[in-house]
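According to the working numbering, the sequence shown is numbered sequentially starting from 31. First up is the structure itself, then whatever we jot down about it.
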Amino acid sequence: MRELIERLAEEILSSKWTIALTGAGISVESGIPDFRSPGGLWSRFDPMEYAHIDSFRRNPRKVWEMLKEVFRLISSALPNPAHYALAELESMGLLQAVITQNVDGLHQKAGSKVVIEYHGNHDWLVCLECGWRRSAQDLKEEEMPPTCKVCGFILKPSVVFFGEPIPWEAQIRALEEARRCELMLVIGTSAVVYPAADLPRIAKSKGARVVEINREPTVLTGVISDYLIEGKAGEVLPEILKEVKKRKDG
Ligand code: OAD
31 MRELIERLAE EILSSKWTIA LTGAGISVES GIPDFRSPGG LWSRFDPMEY
81 AHIDSFRRNP RKVWEMLKEV FRLISSALPN PAHYALAELE SMGLLQAVIT
131 QNVDGLHQKA GSKVVIEYHG NHDWLVCLEC GWRRSAQDLK EEEMPPTCKV
181 CGFILKPSVV FFGEPIPWEA QIRALEEARR CELMLVIGTS AVVYPAADLP
231 RIAKSKGARV VEINREPTVL TGVISDYLIE GKAGEVLPEI LKEVKKRKDG
C-alpha cells in the first residue's frame with residue numbers, strides 16, 4: 031500500500047489535469063452511512079420505494095420519513111480528513127475539480143471551490159406541481175414534510191431521484207472534466223449507478239489514468255482502474271497529501 035501511495039503522489043505531481051469523482055464512501059467517516067454497504071441506507075429503505083421520483087409523486091409523505099433522517103444526518107455532519115485533503119490539493123493547484131455524487135455539501139464545507147454536484151444537493155425545496163421553491167437552509171424538523179406556500183403540495187429537495195435527469199450543467203461540466211483529465215481519482219464509490227459510473231470509463235477511453243481509493247474492490251477494479259489503494263478515504267488521502275508535500279518541498 032505504501033508503494034501505491036508513493037506512486038500516486040508522483041502521478042499527481044506530474045499530471046497537468048487531475049480530478050476526483052467521489053461517492054458516499056468519502057463521507058462515511060463523517061458519520062453518514064453509504065448506500066450499499068451492510069447497514070447502508072438501501073438496506074433499510076428500498077430505493078425504488080423511497081428514492082424514485084414516481085414514489086415521491088405517489089406518496090411524498092412516506093419518502094419524507096427517509097428524507098427526515100437524511101436531513102438530520104447531513105445537518106450535523108462535518109468534513110473529515112479526506113474532504114480536507116482534496117481541498118488542500120486543489121489549493122496547491124494539484125486538483126482541478128471534484129465531481130461528487132454526494133448531496134451533503136461536505137466538499138464545499140472543507141474548502142473545495144470547484145465542486146460539480148452530479149446528483150444535486152439539499153440546498154433547495156421545490157414544488158413539483160407549480161415550481162415554487164424555498165431554501166432548505168432554515169428547514170426545521172417540526173416543518174417536515176414542508177409544503178408549498180402556493181399550492182400546498184409537499185416539497186421535494188433538489189437532489190436527483192431515480193428516474194430524474196442529471197442537472198444539465200453538472201452533466202456537461204462533468205463530461206468535459208472526464209474527457210480532459212490526465213488523472214482521475216475515484217474515491218468511495220461502488221460505481222454502479224449510471225450515468226456517473228460512465229465517467230471513469232470515459233476518462234480511461236481518453237487516455238487518463240484512473241486510480242481508485244476505496245475500502246474494497248469495485249466493478250472498476252482490474253477492468254477500468256489502473257490500481258486500487260484499498261483503505262479508508264479519511265486515512266489514505268491524508269497520507270497521499272503528505273507524500274505529495276514531501277516531494278514538492280524536498
Ligand atoms: P455506495 O454505497 O454504492 O458505495 C460506497 C462505496 O464506498 C463502497 O464501495 C464502499 O465499500 C466504499 N466505502 C465505504 N466506506 C468507505 C471509506 N471510509 N473509505 C473509502 N471507501 C469507503 O455509494 P455511491 O457509489 O456513492 O444516488 O452510490 C452512488 C449513488 O447511488 C448515490 O449517489 C445515490 C445512490 O442511490 C441517488 O440516490 C441518485
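Every residue, glycine too, gets a C-beta built ideally from N, C-alpha and C.
Within 10 Å of its beta-carbon, does residue i have 16 or more other beta-carbons around it, so buried, or fewer, so exposed?
i, result
"Asp-134", "buried"
"Lys-2", "In the structure as shown, the chain starts at 31 and stops at 280, and residue 2 therefore has no counterpart that could be examined."
"Glu-120", "buried"
"Pro-230", "buried"
"Arg-109", "According to the sequence as given, residue 109 is Pro; it is not Arg. Buried is the call here."
"Ile-202", "exposed"
"Glu-171", "exposed"
"Pro-111", "buried"
"Ser-60", "buried"
"Gly-280", "exposed"
"Val-58", "buried"
"Val-128", "buried"
"Ser-73", "exposed"
"Ser-235", "exposed"
"Val-240", "buried"
"Val-266", "buried"
"Val-253", "exposed"
Check the DSSP bridge columns for residue i and list the partner residues they point to.
i, result
"Glu-242", "Val-216, Leu-258"
"Pro-187", "Leu-155"
"Val-128", "Ala-50, Val-145"
"Arg-102", "The partner list for Arg-102 (beta bridge, DSSP) is empty, contrary to what the question assumes."
"His-82", "Phe-192"
"Arg-163", "Val-156"
"Thr-177", "Ile-184"
"Thr-251", "Ser-255"
Hey, how far is the Cα of residue i from the Cα of residue j?
i, j, result
"Gly-218", "His-137", "13 Å"
"Glu-199", "Val-223", "19 Å"
"Tyr-114", "Glu-242", "18 Å"
"Leu-169", "Lys-179", "14 Å"
"Tyr-257", "Leu-213", "12 Å"
"Gly-55", "Met-122", "24 Å"
"Lys-92", "Glu-206", "37 Å"
"Glu-194", "Arg-277", "44 Å"
"Leu-124", "Ser-45", "8 Å"
"Lys-98", "Ile-270", "36 Å"
"Gln-126", "Ala-39", "15 Å"
"Ile-35", "His-82", "39 Å"
"Phe-75", "Met-96", "8 Å"
"His-149", "Thr-52", "11 Å"
"Leu-43", "Pro-225", "29 Å"
"Met-31", "Phe-183", "52 Å"
"Glu-173", "Glu-118", "37 Å"
"Ala-50", "Pro-63", "20 Å"
"Ala-88", "Ala-233", "It is Arg, not Ala, that sits at residue 88 in the sequence shown. Their Cα atoms are separated by approximately 38 Å."
"Thr-177", "Asn-132", "25 Å"
Is the separation between the beta-carbon of residue i and that of residue j shorter than 9 Å?
i, j, result
"Val-249", "Ala-221", "yes"
"His-211", "Cys-181", "It should be noted that the sequence gives Cys, not His, for residue 211. Not in contact: Cys-211 and Cys-181 (Cβ atoms no closer than 9 Å)."
"Ile-104", "Thr-130", "no"
"Glu-260", "Glu-273", "no"
"Ser-188", "Trp-154", "yes"
"Ala-227", "Asn-244", "no"
"Val-216", "Ser-255", "yes"
"Ser-67", "Met-78", "no"
Pick helix, strand or coil for residue i, following the three-state DSSP scheme.
i, result
"Ser-45", "coil"
"Ser-67", "coil"
"Gly-193", "coil"
"Gly-150", "strand"
State yes or no: is the C-beta of residue i nearer than 8 Å to some heavy atom of ligand 3?
i, result
"Glu-59", "Although ligand 3 was asked about, the structure shown includes only ligand 1 as ligands."
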